[in-house]
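J.: Heads up: the sequence shown begins at 26 in the numbering used here, then just goes up one per residue.
Ideal Cβ positions, reconstructed from N, Cα and C, are used throughout, including at glycine.
Before I ask anything, here is the structure I am working with.
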Amino acid sequence: MSDAIKHECGIALLRLLKPLEYYQQKYGTPFYGLHKMYLLMEKQHNRGQDGAGIANIKLDMQPGERYIGRVRSNDSQPIQDIFKQINSHINELLKSHPEAKADVQALKKLIPYLGEVYLGHVRYGTFGKNSIENVHPFLRENNWIYRNLILAGNFNLTNVNELFNKLVELGQHPIAKTDTITVMERIGHFLDNEVEECYRRLKQEGISKREASPLIMEQLDMVKVLKRAATRWDGGYAMAGIVGHGVSFVIRDPAAIRPAYYYKDDEVVVVASERAVIQTAFNAPFEQVEELPAGAAILIKRDGSSQIEQILEPTERKACSFERIYFSRGSDQEIYLERKKLGALLLPQVLRSIDNDLKNTVFSYIPNTAETSFYGLIEAVSEHLNQKKKQQILQQGATLNEACLNEILSVRPRIEKVAIKDVKLRTFITEDAGREDMVAHVYDITYGSVRKHEDNLVIIDDSIVRGTTLKKSILNILNRLEPKKITVLSSAPQIRYPDCYGIDMARLEDLIAFEATLALHKDADTYGVVEAIYKKCLAQKNKPDEEIINYVKELYAPFTTEQISLKITELLRPEAMQCDLDIIFQSVENLHKACPKNLGDWYFTGDYPTVGGNRVVNQAFINFYEGNKQRAY
26 MSDAIKHECG IALLRLLKPL EYYQQKYGTP FYGLHKMYLL MEKQHNRGQD
76 GAGIANIKLD MQPGERYIGR VRSNDSQPIQ DIFKQINSHI NELLKSHPEA
126 KADVQALKKL IPYLGEVYLG HVRYGTFGKN SIENVHPFLR ENNWIYRNLI
176 LAGNFNLTNV NELFNKLVEL GQHPIAKTDT ITVMERIGHF LDNEVEECYR
226 RLKQEGISKR EASPLIMEQL DMVKVLKRAA TRWDGGYAMA GIVGHGVSFV
276 IRDPAAIRPA YYYKDDEVVV VASERAVIQT AFNAPFEQVE ELPAGAAILI
326 KRDGSSQIEQ ILEPTERKAC SFERIYFSRG SDQEIYLERK KLGALLLPQV
376 LRSIDNDLKN TVFSYIPNTA ETSFYGLIEA VSEHLNQKKK QQILQQGATL
426 NEACLNEILS VRPRIEKVAI KDVKLRTFIT EDAGREDMVA HVYDITYGSV
476 RKHEDNLVII DDSIVRGTTL KKSILNILNR LEPKKITVLS SAPQIRYPDC
526 YGIDMARLED LIAFEATLAL HKDADTYGVV EAIYKKCLAQ KNKPDEEIIN
576 YVKELYAPFT TEQISLKITE LLRPEAMQCD LDIIFQSVEN LHKACPKNLG
626 DWYFTGDYPT VGGNRVVNQA FINFYEGNKQ RAY
């Protein structure tokens, strides 16, 4: 994606099912779990590079022995930093206790991060919040082992204020008004209630407090805890947690907005945000890595047994399509094919843009993440040309000679590496004009790859969000090749609405489709609709979420997708550009054809999968109108 937008985070939960001695004997190291966690987190570094953390629970430790370990980092390379810290700690302890090397149980007592249950997290810092206090996993500590709670998640909730106020009504005093703290305290509250209910039952049976502790660990009902805690959550989430005595869980939202996959064998249970990551780390077959159902939780008990439990009633499946277009790693076999199809489905629009002149058209892609959709487009071009060649050959019939046949067969897609991103280039200049000149040189071009004034140049990108990099860098540098025409393709549709479920697209005014639509209203002398929508949004502020309507849709209603695309092209066209320019977007219909299992499209259509989404988009419009830069949720 040429525009930098960020995903919130990725999770990795790992439960070892065998004694640590088993992994020492089979794999040559008792640190098997740590090694796998490094793989699970590093293979998800695409999901978060601003912060990372890992927590560990040791089972069956005695009072006074440390059983919880946690390390977090907001270093420039946070994953490497936390494992560097862990390795340094391990080496220091082994140096001072060399006798422990041969005794796995001694190592377990000695080393903080050697245990059976792990929770890892990677994140991007959004809204400027990237201090170490915002890095997951979060820890809620207590002297009673089963009241400790470790939590990490890939999520955004739209109703944090409501949930926070509920906690205050209960008499709590949360330390921060963030969705993570609010969720952790809500789960913690119902965890405390469940512990107290268990204890009351045991007390009535005449069981002492000391005798009750192991029985509470056995009887504690995490299904009931999660059902109570998640009742009012509105948003997209894959929430992972570990209770101090070793019970762990991952719960997914009812619309399956945020991804979660799990794998089980006789050695491990593992959950992660991406299927291919689990496949790589554990050499697991595709069909054995399963998707966690919508509204369900996977629970792993203290004894290692696991189960899938329905926590919330599933709603219409609206799994995030941006995961398929861009965020998830393309090594997943389904995602790879979907991205290829996204590229292939753009061919009819491409042919119209270049007047079917494939002989004088060069194809390329920017940036590297668009490579897979580029392959799909080229396969579609090749198939189109093959059909044309077949018709030409059949039409020639007996009159076909070798020279003519060679000429027909010589036509093939022209593929060039036209632009390369200079990853080492950094912009230190603060003065605006000089800075823009530096930004324009972020990409290098391959001179001579396009015939001047003769060739069309078709470039594909994953998506176009703000269009800033496109206007200030990519188009300027491509213009130096002096093509006859440049056609920019987006494998995603026009992004018209903010996301509030885990992607850092919160402000309407940052979206080029929104800016273009405002410009169209100005051109048509209908800009008064902006104030009308603002008033409708204001009138709904105190209504329940269930009654709120997305009035921002009215802004786009008068114009076709093509009209908005033409205005986007006009706005993003650099002043110095001499050649013709087309900017073409994927249709929502074709997006659904390519990604039939992930139909979440609210950022394109405004059809939010939860009731909180309509309130968020209306608030985003209010913020835009009032010049308020705050987040809408």
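Please check the pair S378 and I609, which I expect to be a contact at CB under 8 Å, by giving their CB distance rounded to whole angstroms.
T.: 6 Å
J.: Name the DSSP bridge partner or partners of Y92?
T.: None; Y92 has no bridge partner.
J.: What is the DSSP secondary structure of K213, counted as helix, strand or coil?
T.: Lys is not the amino acid found at residue 213; the sequence shown has Gly there. Residue state, collapsed to three classes: helix.
J.: Evaluate D382 with the Cβ neighbour count: other Cβ atoms within 10 Å of its Cβ, from every protein chain shown; 16 or more gives buried, anything less gives exposed.
T.: exposed
J.: For V250, which of Y262, E222, N426, P339 has the nearest alpha-carbon?
T.: Looking at the Cα atoms, E222 is the closest of the given residues.
J.: Can you give me the Cβ contacts of A177 inside the same chain, cut-off strictly under 6 Å, excluding the 5 residues immediately before and after it?
T.: I36, L144, H146, H161, P162, A265
J.: Please classify V193 as buried or exposed, where buried requires at least 16 other C-beta atoms within 10 Å of its C-beta.
T.: exposed
J.: Tell me, please, which residues DSSP counts as bridged to V387.
T.: R439, L482
J.: Output the distance between the C-alpha atoms of E587 and G355, rounded to the nearest integer angstrom.
T.: C-alpha of E587 to C-alpha of G355: approximately 29 Å in a straight line.
J.: Give the DSSP bridge partners of M247, in chain order.
T.: In the DSSP output, where bridge partners are listed per residue, M247 has none listed.
J.: Do V436 and V387 have their CB atoms nearer than 8 Å?
T.: no
J.: Work out the CA separation of M247 and D487 for me, nearest whole Å.
T.: 41 Å
J.: Considering only residues of the same chain and omitting the five flanking positions on each side of L135, which have a CB-CB separation below 8 Å?
T.: Cβ-Cβ distances below 8 Å link L135 to L118, H122, A125 in the same chain, with the five nearest sequence neighbours on each side left out; the list follows chain order.
J.: First and last residue of the beta strand (DSSP E) that includes V513?
T.: 510 to 515
J.: So, V272 versus Y288, is the Cβ gap smaller than 8 Å?
T.: no
J.: Going by C-alpha to C-alpha distance, which of L65, C562, M242 sits closest to V294?
T.: L65
J.: Is it the case that the Cβ atoms of I336 and A255 are separated by a distance below 8 Å?
T.: Going by C-beta atoms, I336 is nearer than 8 Å to A255.
J.: Measure the alpha-carbon distance for A517 versus I558 and round it to whole angstroms.
T.: 27 Å
J.: Taking the C-alpha atoms as reference points, what is the distance between M209 and N167?
T.: 13 Å
J.: Check S474 in the structure and name its three-state DSSP category.
T.: coil
J.: What residues are listed by DSSP as bridge partners for L182?
T.: G260
J.: When the Cα atoms are used, what is the spatial distance from R604 to L514?
T.: The residue you asked about is not Arg; residue 604 is Cys in the sequence shown. Taking the straight line from one Cα to the other gives about 16 Å.
J.: Answer with buried or exposed for N643, where buried requires no fewer than 16 other C-beta atoms within 10 angstroms of its C-beta.
T.: buried
J.: If we ignore side chains and look at the alpha-carbon of each, how far apart do H478 and D380 end up?
T.: 15 Å
J.: Could you compute how far the alpha carbon of K561 sits from the alpha carbon of K568?
T.: Within the model, the alpha-carbon separation for K561 versus K568 is close to 12 Å.
J.: Give me the DSSP bridge partner(s) of I499.
T.: According to DSSP, I499 bridges with nothing at all.
J.: Run through DSSP, which three-state label would E600 get?
T.: Coil, per DSSP.
J.: Given a cut-off of 8 Å, decide if I470 and L500 are closer than it, judged by their beta-carbon atoms.
T.: No. Outside cutoff.
J.: Per DSSP, what are the beta-bridge partners of F163 in this structure?
T.: L176
J.: Along the chain, where does the beta strand (DSSP E) that runs through A37 open and close?
T.: 34 to 41
J.: Please name the residue in R235, T205, R598 whose C-alpha comes closest to that of L164.
T.: The closest CA to that of L164, considering only R235, T205, R598, is found on T205.
J.: Suppose contacts are defined by Cβ-Cβ distances below 8 Å. Is F180 in contact with G261 by that definition?
T.: yes
J.: With distances taken between CB atoms, is the gap from L371 to Q611 smaller than 8 Å?
T.: A contact, by the Cβ cut-off of 8 Å.
J.: Which same chain residues, not among the five before or five after G459, have their C-beta less than 8 Å away from its C-beta?
T.: Note on G459: pLDDT 48, under 50, position unreliable in the model; no value is reported.
J.: What residue does the beta strand (DSSP E) around H70 start on, and which one ends it?
T.: Unbroken run through H70: none, as it is neither H nor E.
J.: Would you call Y581 buried or exposed, if buried means 16 or more other Cβ atoms sit within 10 Å of its Cβ?
T.: With 16 or more Cβ atoms within 10 Å of its Cβ, Y581 is classed as buried.
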